[in-house]
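Numbers 3 to 313, taken from the numbering used here, label the letters of the sequence shown in order. Virtual Cβ for every residue (Gly too), placed ideally from N, Cα, C. Bear in mind the structure is a predicted one, so any value in this text is a computation, not a measurement. Right, one structure below, let's go through it.
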Amino acid sequence: MNIIFGPIQSRRFGESLGVDLSPQTKQCNYDCLYCELEGKKAQMSMQEVLKVEDILTAIKDALKKYKNIQSLTITANGEPTLYPYLYELMLKLEDIKGDSQTLLLTNGSLLWDLNISKACLLFDKVKFSLDAITQETFRKIDRPLKNITLEKILAGIYQFSADFSGELYAEILFVKGINDTILEAQKMAQFLASMRLKRLDISTIDRPPAYAVKPLSLEELQKLANIFYAYNLPVFLPTRVNPTTPKNIDLTQEQILKTLALRPMSIEDVRGLWSDSTQTLLQNLICSKQVIKISLNGVEFYDLPKGLHSK
Ligand code: SF4
């Protein structure tokens, strides 16, 4: 069971060690069209739950192995705030994280829940997603459980933004023909403009999605980004980070498969981050067809064949 993955060069948060709170299977209350994991019916709660002590041991071991980690990114093969012991984990993580900052990547759907938001308040940085501002678009793009209403989610995000003293980030991912109207963007901008955001990432699909949906062109994305600029939001249009300093990350075959199951890696990322021996193991996995190459928007990625992702 691989709770830790990476280190990866995050295009947003530097060198980051990922902590997967759901390493065996995808567990999420959304089933987003653009998800980098395979599509799976949304679920209300985690069925497979890790012990807090196992997570802490994995983090301790990884921090001994990899020095200078800038960010401990708490995420999941799905939605990390579904993890029922997040508060306890965060309290105990304080004692072992050293200089690294904790970052939560969440879909923001449960911030209205006081038991969950009190755990989220313990992070140094929180990044939440917002893909829609109207219920109809929300259902279309994020495909949430039926009982989840956008109104409740927006209220939760708004309250959390007022209570949180760390760095707050937001991301909007635009999908062609789904959430990319001017009106939707204007309403999202109005909503976000009232918050103390450190940064707003505006992006589109840049990794193979769960369902057959299309990215926006850079021009289309720029046009939408201009709406957010007009509201004085700290907009960032991310571009892929190509590491300039060669890294030497040694991974086993199992770790390579785990990393790719969570996040396809571009050929440039692999060349820049993984050691020669790791790249040799990767080639072996390609020969045995456990890893494939795919192309998206002119960028080539290493990925797992469909069906071998976590489900
Ligand atoms: S993109 Fe995130 S929130 Fe959406 S289904 Fe995938 S894991 Fe869940």
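Asn31 sits close to Leu84, with the two beta carbons spaced by under 8 Å.
Remark: the shortest separation between the CB of Gly80 and any heavy atom of ligand 1 falls under 7 Å. Looking at the backbone, the Cα of Val54 and that of Ser73 are separated by about 19 Å. Cα atoms of Ala232 and Gln188: separation of roughly 10 Å, rounded to the nearest angstrom. A distance criterion of 7 Å places the beta-carbon of Cys37 in contact range of ligand 1, judged by its closest non-hydrogen atom. Checking the 7 Å criterion, the Cβ of Asn286 is out of range of every heavy atom belonging to ligand 1. Residue pairing from DSSP places Trp276 in a beta bridge opposite Ile251. Judged by the Cβ position, Cys30 qualifies as a neighbour of ligand 1 at the 7 Å threshold, a heavy atom of the ligand being closer than this. Counting the other CB atoms within 10 Å of its CB gives Tyr213 a total below 16, which places it among the exposed residues.
About 6 Å separates the Cβ atoms of Tyr304 and Lys295, confirming a contact at the 8 Å cut-off.
Our two residues, Ile71 and Leu235, have alpha carbons roughly 29 Å apart in a direct line. With a 10 Å radius around the Cβ and a threshold of 16 neighbouring Cβ atoms, Asn149 comes out exposed.
The Cβ neighbour count for Cys37, taken over all protein chains shown within 10 Å, is at least 16; the residue is labelled buried.
In the three-state DSSP reduction, Tyr171 falls in the strand class (E or B). For Cys289, the shortest separation between its Cβ and any heavy atom of ligand 1 does not lie below 7 Å. In the structure shown, Leu218 falls within a coil segment according to DSSP collapsed to helix, strand and coil.
In the structure shown, Phe130 adopts extended strand secondary structure according to DSSP, grouped into three states.
In this structure, Leu306 is the residue among Arg198, Asp252 and Leu306 with its C-alpha nearest to the C-alpha of Met267.
The residues Ser24, Gln26, Thr27 and Gln29, in chain order, have a CB closer than 8 Å to that of Glu50 in the same chain once the five nearest residues on each side in sequence are set aside.
Secondary structure at Gly158: helix, using DSSP grouped into helix, strand and coil. Assigned with DSSP and collapsed to three states, Leu202 falls in strand. Boundaries cannot be given for Ser196, as no alpha helix (DSSP H) includes it and DSSP labels it neither H nor E. If you ignore the 5 residues before and after Ser119, its C-beta comes within less than 6 Å of the C-beta of Leu113 and Phe162, all in its own chain and listed in chain order.
Taking Leu152 as the centre and dropping the five residues before and after it, the same chain places the C-beta of Gln137 and Phe140 closer than 6 Å to its C-beta, in chain order. Ligand 1 never approaches Asp115 closely enough for any of its heavy atoms to be under 7 Å from the residue's Cβ.
Annotation for Cys122 indicates a beta carbon at 7 Å or more from all heavy atoms of ligand 1.
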